[in-house]
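Reading through the structure tokens given below for one structure.
In the UniProt record's numbering, the protein residues as written are 1 to 203.
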């Protein structure tokens with residue numbers, strides 16, 4: 001099973017009267033998410049077949065942008081993707097999902113990093129996202145993707161890490177093109193990495 005783990009796009013800081021759950025995507029958040037969505041749509045036979053999202057507005061809007069590009073007519077809200085949870089229930093839900101094709105999960109930090117850590121079987125995944133540089137609490141970038149391949153019987157395998165800010169450098173549907181500095185860092189490890197500098201604590 002290929003799992004595409006996506007953090008929601010950038011959202012407004014405050015939504016008066018609506019609370020945290022009502023915060024919507026900014027224009028920049030929509031732009032970067034559309035960039036990612038266009039790339040995913042070019043994967044042809046590997047386009048997402050289903051999208052699960054948390055119930056928060058910023059996540060649902062992110063999921064809807066991805067769904068439109070993938071030719072999907074709906075997204076599914078999964079309570080297991082709600083912010084503040086641990087990944088146990090989500091992993092249980094994933095284990096019940098068949099391998100019909102790539103599955104997208106749209107959610108929040110720190111749940112998504114905890115999920116990635118649990119599926120990879122690592123103490124943390126800092127080596128995956130930072131070329132081996134120590135980073136005890138790595139975070140997935142907004143609108144970014146970590147793709148894993150998981151057969152449910154063994155630790156997942158890292159497929160790719162995608163930073164939407166680096167996509168302007170040019171990407172094919174088969175992989176990533178990353179900056180020369182990032183490439184040099186990546187060459188020191190066995191991991192395919194793409195890293196940006198804006199890792200917000202906001203879920």
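The beta-carbon is built from N, C-alpha and C at its ideal position, and this holds for glycine as well.
Requested in this report: Report all residues from its chain with a CB closer than 7 Å to the CB of residue 70; omit the five preceding and five following residues, and keep chain order.
Outcome: Along the chain shown, read from residue 1 onward, the residue named residue 70 stands at position 70. These residues qualify, in order along the chain: 40, 41, 47, 48.
**Item:** Contacting residues, own chain, Cβ-Cβ under 7 Å from residue 12 (five flanking each side not counted)
**Value:** Stepping through the chain shown from its first residue, residue 12 is reached at position 12. So the qualifying residues of the chain are 23, 24, 26.
field: Distance between residue 1 and residue 87 (C-alpha atoms, nearest Å)
entry: The count along the chain shown starts at 1 and reaches residue 87 at position 87. The count along the chain shown starts at 1 and reaches residue 1 at position 1. Answer to the nearest angstrom: the Cα atoms are 17 Å apart.
Quiz item: Taking the alpha-carbon positions, what's the residue 204 to residue 152 distance?
Solution: Not covered by the structure: residue 204. The range shown for the chain is 1 to 203.
* **Same chain, Cβ closer than 6 Å to residue 60, five either side skipped, listed in chain order** => As a working mapping, residue 60 is identified with position 60 in the chain shown. Contacts found: 53.
**Request:** Using DSSP bridges, identify the partner residues of residue 145.
**Result:** As a working mapping, residue 145 is identified with position 145 in the chain shown. Answer is 6, 162.
| said: Please list the terminal residues of the continuous beta strand (DSSP E) segment that includes residue 85. | reply: Start at 1 with the first residue of the chain shown, and residue 85 comes out as number 85. From DSSP, residue 85 is part of no beta strand (DSSP E); its letter is neither H nor E.
When the Cα atoms are used, what is the spatial distance from residue 113 to residue 67?
On the chain shown, position 113 is the one that residue 113 refers to. On the chain shown, position 67 is the one that residue 67 refers to. The alpha-carbon atoms of residue 113 and residue 67 are separated by roughly 23 Å.
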